[in-house]
Each structure stands twice: as structure tokens, then as C-alpha cells.
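Working notes, beginning with the structure itself.
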Amino acid sequence: MKVGIIGAGPRGILLTSQLFNQYKYHSDQKSPLSITLFDPYGIGGRVWRTDQSDELIMNSSADQITLFTDASVTMSSKVYDGPSLFEWAKSVEANRYLDSNGYSSDVIAAAAQLQINGYAPRVLFGAYIKWFYQDLIKQQPTEVSTSLMKSQVMDLTYDTDHHPVIKTNDGTFTFDKVIMSLGQQDNYLSDEEQKLASYAQQNALTYIAPTHPGDADLSDIPAGEPAIIRGLGLSFIDYISELTLGRGGHYMQNEDGSLFYQPSGREPRIIAGSGRGIPYYPKPINEKGYGECDVPKFLTKENIQKNSTDGKISFDKFMELLLLDLKLVFYKLTINDKYPYKSASEFETEFLANDDKQAVLKQFGFAEEDAFDWDYIINPFKDVQAVGTEDYQSVLINWLNGEIDDSLKGSKTGPLAAARDLLRDFRPAFRQMLVDHCFSNQDLVEKFWSQLDSTINFLIMGPPVVRSKELSALIRSGVVTILAPGMQVKGQDGWFVTAAPKRNTDTFRSATLIEARVPKADLDITANPVLESLVDAKLARTHQVKINDQSVGLNAVDVDPSTDQLLDANGAGQPDIYVWGVPLDGLRYVTNAAPRPGVNDTNLQTADRLAAEVLGLPAAGNVEMA
Numbered sequence: 005m006k007v008g009i010i011g012a013g014p015r016g017i018l019l020t021s022q023l024f025n026q027y028k029y030h031s032d033q034k035s036p037l038s039i040t041l042f043d044p045y046g047i048g049g050r051v052w053r054t055d056q057s058d059e060l061i062m063n064s065s066a067d068q069i070t071l072f073t074d075a076s077v078t079m080s081s082k083v084y085d086g087p088s089l090f091e092w093a094k095s096v097e098a099n100r101y102l103d104s105n106g107y108s109s110d111v112i113a114a115a116a117q118l119q120i121n122g123y124a125p126r127v128l129f130g131a132y133i134k135w136f137y138q139d140l141i142k143q144q145p146t147e148v149s150t151s152l153m154k155s156q157v158m159d160l161t162y163d164t165d166h167h168p169v170i171k172t173n174d175g176t177f178t179f180d181k182v183i184m185s186l187g188q189q190d191n192y193l194s195d196e197e198q199k200l201a202s203y204a205q206q207n208a209l210t211y212i213a214p215t216h217p218g219d220a221d222l223s224d225i226p227a228g229e230p231a232i233i234r235g236l237g238l239s240f241i242d243y244i245s246e247l248t249l250g251r252g253g254h255y256m257q258n259e260d261g262s263l264f265y266q267p268s269g270r271e272p273r274i275i276a277g278s279g280r281g282i283p284y285y286p287k288p289i290n291e292k293g294y295g296e297c298d299v300p301k302f303l304t305k306e307n308i309q310k311n312s313t314d315g316k317i318s319f320d321k322f323m324e325l326l327l328l329d330l331k332l333v334f335y336k337l338t339i340n341d342k343y344p345y346k347s348a349s350e351f352e353t354e355f356l357a358n359d360d361k362q363a364v365l366k367q368f369g370f371a372e373e374d375a376f377d378w379d380y381i382i383n384p385f386k387d388v389q390a391v392g393t394e395d396y397q398s399v400l401i402n403w404l405n406g407e408i409d410d411s412l413k414g415s416k417t418g419p420l421a422a423a424r425d426l427l428r429d430f431r432p433a434f435r436q437m438l439v440d441h442c443f444s445n446q447d448l449v450e451k452f453w454s455q456l457d458s459t460i461n462f463l464i465m466g467p468p469v470v471r472s473k474e475l476s477a478l479i480r481s482g483v484v485t486i487l488a489p490g491m492q493v494k495g496q497d498g499w500f501v502t503a504a505p506k507r508n509t510d511t512f513r514s515a516t517l518i519e520a521r522v523p524k525a526d527l528d529i530t531a532n533p534v535l536e537s538l539v540d541a542k543l544a545r546t547h548q549v550k551i552n553d554q555s556v557g558l559n560a561v562d563v564d565p566s567t568d569q570l571l572d573a574n575g576a577g578q579p580d581i582y583v584w585g586v587p588l589d590g591l592r593y594v595t596n597a598a599p600r601p602g603v604n605d606t607n608l609q610t611a612d613r614l615a616a617e618v619l620g621l622p623a624a625g626n627v628e629m630a
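Taking our numbering, the leading residue of the sequence shown gets 5, the next gets one more, and so forth.
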């Protein structure tokens with residue numbers, strides 16, 4: 005059998021591993037297996053390539069990242085266990101590998117100094133992927149051959165015998181099965197983005213469209229001049245790291261543990277903002293051990309069923325159950341933090357048993373400033389109507405420093421940090437609700453995907469807390485200025501001009517505009533040539549749901565949910581082409597997370613299931629697909 009895998013990032017390598025595993029232990033091995041990986045960036049793919057700046061760090065702690073399976077994973081093949089990224093980085097083998105493969109002394113030192121709850125440079129994860137692949141090839145079964153084509157796939161179609169055919173600039177290749185393991189991709193620019201790009205070209209300005217920050221060329225951004233950045237999420241953090249640390253600046257620690265930024269003089273003056281006007285919450289210091297994952301006490305399957313009608317739960321009731329879980333953890337830890345004469349365990353018993361939750365809160369006498377206020381948490385400055393930009397920096401620093409302190413307490417200790425961390429641990433519950441179609445289509449599209457998904461990203465997909473400490477220092481130093489909520493950008497008088505007009509009259513102009521966001525997976529506007537070719541050939545379509553008798557697209561590539569086999573424009577299954585990962589975002593929940601050990605990770609489950617499907621072998625049941 006000849007198998008083609010498009011994408012050699014973590015998912016493509018996981019799939020290769022599980023094809024080996026399934027073939028070696030489950031097949032009769034009478035027919036040889038040939039695997040060809042396609043990726044223009046080579047092993048590791050685009051995001052984790054090893055030629056990017058080592059100032060760019062991961063967003064998950066190193067002990068919670070793996071490429072190996074373990075006993076927790078629902079799978080039909082044999083467990084292929086091994087070290088997490090943290091365990092590998094600290095090993096003699098990793099040091100030898102990094103040194104012999106020409107990695108810089110800074111990367112080698114970062115590996116040696118990595119803490120169990122620390123955040124590795126992305127380059128180091130790229131090295132881990134390459135090491136994993138090389139080690140895998142050493143164990144390749146005799147009847148298996150594996151090769152890599154460092155080429156961009158331009159077209160995927162069928163030959164006259166209905167075999168999948170991959171076309172690259174280097175040739176045409178025919179396979180029995182093809183699996184697309186695609187990661188982050190570029191999209192065509194929106195009308196507004198194209199207008200700004202054209203304006204930049206006409207006026208000799210610099211416009212950096214949405215892309216992966218590691219791909220952006222920032223060399224033309226002049227020192228000392230203003231540079232506008234739109235977006236305050238993870239890409240924003242990457243860009244300011246590159247424009248400060250990457251230009252020779254450094255941080256020193258004050259006596260109170262906060263940071264002070266010492267500029268190099270090569271930084272631009274950064275003007276940043278977004279609609280929300282608030283940087284993402286910092287990621288708390290991880291205190292959870294191997295396989296440790298909180299489960300809901302209120303958002304349980306039993307409670308969901310009990311509160312459902314015809315199999316559907318109202319979104320408001322779902323939020324009520326979810327927030328009860330968050331409140332339980334928040335108040336328990338608030339008691340531990342601030343109320344030494346009260347019992348957190350007694351509070352938990354009362355809160356779980358008593359239907360009148362407000363009565364329980366009143367009974368325990370929480371101060372007003374210790375109340376769990378969801379509206380404030382998701383929009384801390386909702387009541388700030390008019391504020392000058394200078395005053396806003398003080399307001400923002402006070403909020404950010406408070407969240408830094410809470411996050412530094414840890415994911416099991418900081419009251420709000422721990423409550424927020426539940427939203428990550430509850431991903432399996434959210435995924436199961438989507439699989440079980442627990443929401444009406446209208447609630448799914450208009451509330452879950454359009455509102456809650458963005459809110460959860462804001463709360464738990466933020467940067468490591470050290471990056472938030474650095475941001476606080478940058479704001480205090482004047483290198484970074486954050487606009488009040490409601491940022492707007494336009495081209496005017498030969499410049500890019502930005503303001504938050506609903507809050508103040510302050511305006512800023514610059515010759516540089518950076519769109520600090522990674523393009524979202526969207527089949528309708530994708531610029532990935534292989535996906536475009538499938539759409540043009542009517543071999544792929546966007547996943548649709550019905551709302552009030554109208555079809556609404558969820559942007560994801562449509563697949564058979566039980567097998568991940570591609571569905572064509574007419575909904576017919578394509579048994580020899582599979583898709584998984586980021587292109588299914590909207591059909592699946594959180595498709596871009598790195599595999600995590602000990603928690604029955606969905607990426608590890610899916611890789612095993614797809615390998616079995618591809619080889620025609622029995623697959624594990626009850627697999628949670630990524």
C-alpha cells in the first residue's frame with residue numbers, strides 16, 4: 005500500500021508513528037507499506053521549524069507536551085511510550101542530539117535550564133519532533149519504507165483508476181490513500197485587509213497581513229518610530245518579543261518581583277490595540293501533575309441530559325452549569341487565600357448540595373470585592389466609557405498586574421487562575437457535547453462558536469505569565485502603548501492612523517501596520533493550494549448546518565465525522581482521502597493543541613484511529629476525534 009501524508013508537522017509525524025505501530029502489530033505484513041510525507045518546511049512543519057527565532061516560545065508547559073502514546077489513550081495498537089518534551093530536553097540524549105545537529109548554544113542552554121512548568125522555545129519543540137522522527141525511522145519495520153518530499157502540494161485529484169494523485173512542482177505521485185495533516189495556513193485577504201495592503205503599496209508603507217509571526221519580516225520597521233499592531237492575543241506577544249528582546253533589549257527584576265525593561269535603542273514605539281482593548285489573560289503557572297485533569301461537578305452528562313429537551317440544552321442553561329463549576333473552584337480557593345477561619349471543604353459540601361447557591365455565598369460572607377463576576381471577568385473595562393490613552397495605561401497595568409499575581413499562584417491555587425484553567429480541562433466535555441449535538445444549530449453557531457469560543461481563548465489561550473510580566477514592563481517603560489477598547493485603523497494622508505474614538509480623541513499615525521493574528525481555518529477563503537484544488541474539483545465543501553431552513557457554513561472542511569474521510573461537494577464520501585487537524589476547526593473543538601500526555605489526548609486517539617482506517621484494520625471504539 006502506498007500512503008501519502010500532506011503535512012509533516014506534529015500530526016503528520018504522529019500518523020506516521022501509528023501507521024508503523026498498526027502495521028507492525030496488527031497487519032499480516034504480507035503487502036509492503038510505502039509512506040511519503042510532503043511538507044515544504046520538512047519534518048516539524050511551518051510553526052515548529054528550527055530556523056526561527058528562539059525568542060518565540062511555546063504556549064503550553066513542556067511537561068504537558070508529547071508525541072508518544074501512553075496507557076490513558078483509547079487505541080487499538082500497542083502503546084509507544086517515551087519522554088515528554090520536558091523529559092527529553094533534560095536528557096543526555098537531547099544534549100547530544102542538539103549539539104551534533106548544529107543547534108545554537110542558546111537553544112542547548114534553554115533545553116538544559118528548562119523547568120518542569122516552563123515554556124520551551126518553539127525551536128526546541130521542532131528539534132524534539134525531528135528527533136522523534138529520526139528515532140522512529142530507526143525502528144521502521146522491514147516491509148515499510150518512508151520518504152520526505154520538501155515540496156508544496158499544489159493539487160490533489162484522482163487518476164482514471166480513481167487513485168489519489170498528489171501534484172507538486174517536483175512531480176506527480178499516485179497513492180492508495182492520502183491523509184491531509186495540515187496545520188496553520190494562510191487565507192486570501194479580506195476586503196479591508198486588501199484595501200490596507202494596496203494603500204501601503206501606494207504610499208510606500210509597511211503592511212504585514214495576518215500570518216504566523218515567525219514568518220513575518222520585521223527588519224524594515226525602523227527604530228524609534230511608531231509601529232501600529234492590531235490584535236492583543238498570542239501573535240501580539242510574539243511580535244513585541246521580536247521587536248524588543250529580538251532587538252537586544254532585556255529585562256531586569258525589581259525587588260518586588262516585577263520586571264523592568266532596559267531598551268537597546270533599536271525598538272520601535274509600539275501602539276497596539278483591539279476591539280476588546282485588553283491583552284489575553286496570562287496563562288497560570290502549571291501545578292497539575294501527569295494526567296491530572298479536573299472534571300465537571302455541575303456540567304456533567306447527567307445534568308446536561310436532565311436539563312435537555314429533545315436532546316438539546318439551552319445555551320443559557322449550559323452556561324449556568326459551566327459557571328457553577330467555575331464558581332465552586334473560585335470560592336474554595338478564595339477561602340484558602342483570604343478567609344483563614346472558614347472551611348473550603350465545608351463550602352464545597354454546601355455549594356454542591358444546596359440548590360440556593362446565593363444563600364450559600366451569603367452564609368459564608370464573601371466580601372463584595374471577592375465576588376465571582378463573570379461579566380467583569382470577560383470584559384473588565386465594560387464600564388470605562390471615556391478615558392485618555394495615558395490614563396488607560398495605568399488602569400490596564402493595575403488590572404494586568406493583578407492577574408499576573410493570581411496566575412503566579414498557580415493553576416491549582418490562584419482563585420481565578422484555577423477557575424479559568426477548568427476551561428482547558430473541560431475540553432473533553434465540550435467536545436462530547438458537540439459530538440452529541442447538544443446545542444441547537446442556532447446556539448451552536450451564534451453563541452458557542454461566535455461568542456463563547458472567543459471568550460474562552462481570551463481567558464485561557466493567553467501567553468505564559470512571564471510574557472505578561474514583560475508586557476507590563478514594556479507598558480511602564482513607554483515602549484508599548486495600548487489603546488482603549490474599540491481600536492480602529494485606516495489609511496489617511498499617506499499614513500496608517502489609529503484611534504479608539506468611542507473612548508477618547510487621541511490619534512496615532514505610523515508607516516507600519518502589523519495585523520497580529522493568525523488566519524483562522526476557513527475553506528471558503530483558504531489560500532492553501534491543495535484545499536483550493538479540491539474545492540475547484542468539487543471534491544471538498546464547507547461543513548454546513550441548517551438554521552431556520554437556511555444553510556450556514558462553519559468554515560471547516562466537511563468530513564465523515566466517524567472516519568474523517570473527505571466529503572465532496574455532493575456529500576459523497578471519498579474513502580481514500582482523509583482530513584484531520586486545523587482544517588476541521590468549527591466541526592471539531594480546539595484542533596491546534598499539542599498532544600498532552602496522560603489525559604487520553606484526542607490527537608493521539610485520532611492518529612491511531614486513522615492509521616487503522618487507512619490500513620483496513622480494526623479500529624478502537626469510542627475514539628474522541630481531534
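Every residue gets a Cβ at the ideal spot worked out from N, C-alpha and C, and that includes glycine.
Counting only the Cα atoms, S481 lies some 43 Å from F72. The segment 504 to 567 contains, as complete beta strand (DSSP E) runs of 3+ residues, the segments 511 to 514, 516 to 519, 546 to 551 and 554 to 561 (chain order). Taken atom to atom, the span from the alpha-carbon of S185 to that of V539 is near 17 Å. The shortest C-alpha to C-alpha distance from S458 to any of A515, Q496, I382 and Q389 is the one to I382.
Taking C-beta separations shorter than 7 Å and ignoring five residues to either side along the sequence, the partners of K336 in its chain run A348, F351 and E352, following chain order. Burial check for Q578: the Cβ neighbour count within 10 Å reaches 16 or more, so the residue is buried. When DSSP assignments are scanned along the segment 187 to 250, the uninterrupted stretches of alpha helix (DSSP H) that are 4 or more residues long and fall wholly within it turn out to be 195 to 206 and 238 to 248. For the segment 562 to 624, the full-length alpha helix (DSSP H) segments reaching 4 residues or more read 606 to 619 along the chain. The C-beta separation of T502 from I282 comes to about 16 Å, leaving the pair out of contact by the 8 Å criterion. When the beta-carbon positions are compared, D612 and S81 come within less than 8 Å of each other.
The residue from V96, S65, D159 and I133 with its alpha-carbon nearest to that of A116 is V96.
Membership of Y380 in any beta strand (DSSP E) is not indicated; the residue belongs instead to the alpha helix (DSSP H) covering W378 to I382. One Cα belongs to F462, the other to Q144, and the distance between them is close to 42 Å. C-alpha of L608 to C-alpha of N290: approximately 22 Å in a straight line. Pairwise C-beta distances place the segment 541 to 559 out of contact with the segment 507 to 517, as fewer than three of them are shorter than 8 Å. In terms of Cβ geometry, N508 and V391 form a close pair [threshold 8 Å].
Fewer than three beta-carbon pairs drawn from the segment 243 to 256 and the segment 421 to 439 are found closer than 8 Å, and the two stretches are therefore not classed as touching.
L426 sits close to D329, with the two beta carbons spaced by under 8 Å. The beta-carbon distance between I69 and L89, rounded to whole angstroms, is 4 Å. This is short enough to meet the 8 Å contact definition. Judged by their CB atoms, L543 and D572 are nearer to each other than the 8 Å cut-off.
Ranked by Cα distance from L588, the options Q569, E196, F42 and P601 are led by Q569.
Judged by pairs of C-beta atoms under 8 Å, the segment 190 to 203 does not touch the segment 166 to 173, as fewer than three such pairs exist.
L18 is positioned such that its CB atom lies no closer than 8 Å to that of V7. In this structure, the alpha-carbon of K34 lies about 16 Å from that of D180.
A distance below 8 Å between beta-carbons, with the five flanking residues on each side excluded, links M158 to the following residues of its chain, in chain order: K171, T172, N173, P533, V534 and S537. In terms of CA proximity to Y343, F368 leads the group K331, Y45, A357 and F368. Between the alpha carbons of R126 and K366 lies a gap of roughly 47 Å. Taken through DSSP and simplified to helix, strand or coil, M437 comes out as helix.
Note that the C-beta distance between S239 and P272 is not below 8 Å. Following the DSSP letters along the chain, one finds P468 in no alpha helix (DSSP H), marked with neither H nor E. Secondary structure at V493: strand, using DSSP grouped into helix, strand and coil. A direct Cα-to-Cα measurement between G13 and P300 gives close to 32 Å. Spanning the alpha carbons of D528 and N559 requires a straight line of approximately 7 Å.
With contacts defined by Cβ atoms closer than 8 Å, M465 and Y593 do not form a contacting pair. Annotation: the continuous beta strand (DSSP E) that includes S149 extends over V148 to M153.
Three or more Cβ pairs closer than 8 Å define a contact, and the segment 399 to 412 falls short of that threshold against the segment 305 to 321.
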